[in-house]
Amino acid sequence: MKVVLRIEKKYIMFHKPSGCITAKSDETHKTVMEYFSKELQEELHPVGRLDKDTEGLLLFTNDGKWNQDLMHPENHVEKRYFFWVLGELNEEKRKQLEQGVFLVGAKEKTMPAQLKIGEKAELQEIEHLFCGKKCSNVVKNPRNHVVMSGYLTIKEGKKHQVKRMLKAVGCYVVYLKRVSIGKLMLDESLQPGEYRELQPEELKRLK
Numbered sequence: 059m060k061v062v063l064r065i066e067k068k069y070i071m072f073h074k075p076s077g078c079i080t081a082k083s084d085e086t087h088k089t090v091m092e093y094f095s096k097e098l099q100e101e102l103h104p105v106g107r108l109d110k111d112t113e114g115l116l117l118f119t120n121d122g123k124w125n126q127d128l129m130h131p132e133n134h135v136e137k138r139y140f141f142w143v144l145g146e147l148n149e150e151k152r153k154q155l156e157q158g159v160f161l162v163g164a165k166e167k168t169m170p171a172q173l174k175i176g177e178k179a180e181l182q183e184i185e186h187l188f189c190g191k192k193c194s195n196v197v198k199n200p201r202n203h204v205v206m207s208g209y210l211t212i213k214e215g216k217k218h219q220v221k222r223m224l225k226a227v228g229c230y231v232v233y234l235k236r237v238s239i240g241k242l243m244l245d246e247s248l249q250p251g252e253y254r255e256l257q258p259e260e261l262k263r264l265k
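Under the numbering used here, the first residue of the sequence shown is numbered 59, with each subsequent residue one higher.
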């Protein structure tokens, strides 16, 4: 008689901190897997990725099909990011981003995005977001620099896409955080580096 072992499927919400890379292992950089127990490190795989200096919502699972379905380019799952940028955002630039822009080296425009323009601040006012680094380490001569915040929602997953899209309209990202995937919001009670299992109703939002 053949014995079939049933593996319990796991779906994890993780608040990725800045300063670690999305990889199972790496010889030189800290990875997101180091925040999990050894047992979970072997079992879980990240769903998509976030850049080293980007924080926010990152999902993990041992369900390969769910992972593939959620990240498949043809499904156009929305991903929403909160950002602070050096540079001016206005209605003209909002329209450009929402209609799609050409990234450097690309032959086609990005898919239409959604941009919500936020508030202005002095760069030094948001220094606490830079993971202990001084503003001067993030950008040269930070005094008197004005930054703007906002939310950008995209349906693609090109490399460094949010940064490249904002750069295409003359804005330099100094802080970036993913706040949602599809209809699933990051649980803001999770501190960077913390995680929990998804609730059944949260899983439904992703299907």
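Note that beta-carbon positions come from the ideal geometry of N, C-alpha and C, so glycine has one too.
Buried or exposed: Ala226, going by 16 or more other Cβ atoms within 10 Å of its Cβ?
Here Ala226 is buried: its Cβ has 16 or more other Cβ atoms, across all protein chains shown, within 10 Å.
Quick check on the burial criterion: 16 or more other C-beta atoms within 10 angstroms. Buried or exposed for Ile239?
Counting every other CB atom within 10 Å of its CB across the protein chains shown gives Ile239 a total of 16 or more, marking it as buried.
Leaving out five residues before and five after Gln157 in sequence, what residues of the same chain have Cβ atoms less than 7 Å from its Cβ?
Counting only Cβ-Cβ distances below 7 Å, and skipping sequence neighbours, we find Pro170.
Please classify His271: does DSSP put it in a helix, a strand, or coil?
No answer is possible for residue 271: the residues shown for the chain start at 59 and end at 265.
Taking Lys241 as the reference, give the member of Leu181, Arg222, Leu115 with the closest Cα.
Considering only Leu181, Arg222, Leu115, the residue with the shortest C-alpha distance to Lys241 is Leu115.
Specify whether the region 244-252 and the region 195-209 touch according to this definition: at least 3 beta carbon pairs, one from each stretch, less than 8 Å apart.
No contact exists between the region 244-252 and the region 195-209.
Between the Cα of Lys111 and the Cα atoms of Leu98, Phe118, Lys221, which residue gives the shortest distance?
In the sequence as presented, Lys is not what sits at residue 111; that position holds Asp. For Asp111, the nearest C-alpha among the options comes from Lys221.
So, with DSSP's three-state summary, where would you put Leu256?
Leu256 sits in coil when the DSSP states are folded into three classes, being neither helix nor strand.
Please name the residue, chosen from Pro104, Thr168, Val232, Ala164, that lies closest to Ser83 on a Cα-to-Cα basis.
Nearest Cα to Ser83 within the set Pro104, Thr168, Val232, Ala164: Pro104.
Run through DSSP, which three-state label would Lys17 get?
Since the displayed the chain opens at 59 and closes at 265, residue 17 lies outside it and no answer follows.
Cα-Cα separation between Met91 and Leu147, rounded to whole angstroms
If I take the Cα positions, the gap works out to 36 Å.
Return helix, strand or coil for Ala179, following the three-state DSSP convention.
Looking at Ala179 - three-state DSSP - the assignment turns out to be strand.
Proximity to Gly228 [Cα-Cα], best of Leu128, Gly145, Glu132, Thr119:
It is Gly145 whose Cα lies nearest to the Cα of Gly228.
Please state whether the Cβ-Cβ distance between Lys213 and His87 is less than 7 Å.
For the pair Lys213 and His87, the CB atoms are not nearer than the 7 Å cut-off.
Can you check DSSP and say which residues form a bridge with Gly163?
Partner(s): none; Gly163 has no beta bridge.
According to DSSP, what are the bridge partners of Lys74?
Partner(s): Gly114.
Have a look at the DSSP bridge pairing and note the partners of Trp142.
DSSP lists Ser207, Tyr233 as the bridge partner or partners of Trp142.
How would you write the range of the beta strand (DSSP E) that Val105 sits in, first residue to last?
Looking at the DSSP string, the run of the beta strand (DSSP E) that includes Val105 is 103-105.
Inter-residue spacing [alpha-carbon to alpha-carbon] between Glu113 and Phe140:
Cα-Cα distance, rounded: 10 Å.
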